[in-house]
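Participant:
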Amino acid sequence: MKKILFFFCFALSFIYNDAIAQLIQPDSTFTYVNGEGTFIRLGKGEGTVINILSTLQSGVQYGRLDSLSKKTNNSKMSLNLARISLTVNNDRHKVSAGMVTDFTGTSPILEGWIGYAVSKRAKLILGQKQTHTNNRLAMADERYAQTMGQTLAGKSNDGILYGGLMHNFVGSTREGGLFVETNFSINKMRIYPSLSVTTGEGQNFFSPQGNLGFKYGGRLD
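Heads up: the sequence shown begins at 438 in the working numbering, then just goes up one per residue.
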C-alpha cells in the first residue's frame, strides 16, 4: 500500500509541477460538461487535462404505522451516495492518475491508480480501478447505474438502499493490481484487448492482505 501511495503522489506531483507552469498560458480553458464534470485544460500545447466530477444522491422515506388503531407517521432523509472523482492526464509526458473517494461506503478510497501510455494504443495502469473481468453490465457507467439501483432488487427499511445494482456492483467491479489496455484496428473493425494481474481480493487493495496468490484475467471487446 505504501508503495502504491508513493507512486500515486509522485505522479500527481510530477503533473502538478507542469500544471502550475501552464496556468499562465493564455490558451488554458475551463469547461463544464453536464454529466461529465469540470474539465480544466492547462495549455493546449502541453496536453494537461484535469477532470473533476462529484456525485451526490439523497434519499427520502415516508411511512405510516397502523397498530391497534393507532397511526404513527415517520419520515427520514438520508445521503445514499457522496463521491468526488479526480482524474489528471498529461499527453506530453504520457502519464495519468486518478482517484475516487467515497464518503458513504466502507472504503474511503474507491479508486486510486497511476497510468503510463507505452504507445498510442497501449497503456499500463497500476492501482485499484474497475476491472474488465466482470460482465458488461457490471462495467456500466455507475453514474447511470446508481439511478437504476433504486428499482433493481434494492430494499430499504431506514431510507438507505441496501442491495440492488448500486451496492452489489460497486463493491465487485473494482480490484487492485496491474492492468494493460490496448486497442487496434483490423480492416474496418476496432478491437480492444485488455489484460490484468490482480490480488483477487476485490475492493481491498489499500488494506493489508495475505499472500493468497494472484488473479489473472483478460477481455476482448
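Beta carbons: idealized from backbone N, C-alpha and C, even for Gly. Note that the structure is a prediction, hence the values are computed from the model and not measured.
How about the region 551-565 and the region 613-629: do they share at least three Cβ pairs that are nearer than 8 angstroms?
Facilitator: yes
Participant: Does the structure place the region 501-508 close enough to the region 478-490 that three or more beta carbon pairs sit under 8 angstroms?
Facilitator: no
Participant: Report the partner residues of Thr468 according to the DSSP bridge assignment.
Facilitator: Phe476
Participant: Going by C-alpha to C-alpha distance, which of Phe642, Leu615, Leu479 sits closest to Arg527?
Facilitator: Note that residue 527 corresponds to Asn in the displayed sequence, not to Arg. Here the closest residue by C-alpha is Leu479.
Participant: When we look at the beta-carbon of Leu563 and count the other beta-carbons within 10 Å, is it buried (16 or more) or exposed?
Facilitator: buried
Participant: From Gly647, Pro630, Gln640, pick the residue whose C-alpha is nearest to that of Asp658; which is it?
Facilitator: Sorting Gly647, Pro630, Gln640 by C-alpha distance to the C-alpha of Asp658 places Pro630 at the top.
Participant: Nearest by alpha-carbon distance to Thr610: which of Ser644, Glu548, Gly535 is it?
Facilitator: Glu548
Participant: Compute the beta-carbon to beta-carbon distance between Ser491 and Ile521, rounded to the nearest angstrom, for a pair I have assumed lies under 8 angstroms.
Facilitator: 5 angstroms
Participant: Taking DSSP as the reference, what is the three-state secondary structure of Tyr499?
Facilitator: strand
Participant: Is it buried or exposed for Asp464, if we count other Cβ within 10 angstroms and need 16 for buried?
Facilitator: exposed
Participant: Can you have a look at Gln642 and say buried or exposed, based on whether 16 or more other CB atoms are within 10 angstroms of its CB?
Facilitator: It is Phe, not Gln, that sits at residue 642 in the sequence shown. Classification for Phe642: buried.
Participant: Assign Lys508 to one of two classes, buried (16 or more other C-beta atoms within 10 Å of its C-beta) or exposed (fewer than that).
Facilitator: exposed
Participant: Where Phe476 and Thr466 are concerned, what is the direct C-alpha to C-alpha distance, given to the nearest angstrom?
Facilitator: 8 angstroms
Participant: Run through the region 616-640 for me and flag every whole beta strand (DSSP E) of 3 or more residues, listed as ranges in chain order.
Facilitator: 621-623, 626-628, 630-635
Participant: Is Ser533 helix, strand or coil when you go by DSSP?
Facilitator: strand
Participant: When the Cα of Gly613 is compared with those of Arg656, Lys625, Arg627, Ser633, which residue comes out closest?
Facilitator: Ser633
Participant: On the three-state DSSP scale, how would you describe Thr543?
Facilitator: coil
Participant: Helix, strand or coil, according to DSSP, for Glu548 in the structure here?
Facilitator: strand
Participant: By DSSP, does Glu483 sit in helix, in strand, or in coil?
Facilitator: coil
Participant: Let me know if Asn594 comes out buried or exposed under the rule of 16 or more other beta-carbons within 10 Å of its beta-carbon.
Facilitator: With a pLDDT of only 43 at Asn594, under the threshold of 50, the placement of this residue in the model should not be trusted; the figure read from the coordinates follows. Its Cβ having fewer than 16 others within 10 Å, Asn594 is exposed.
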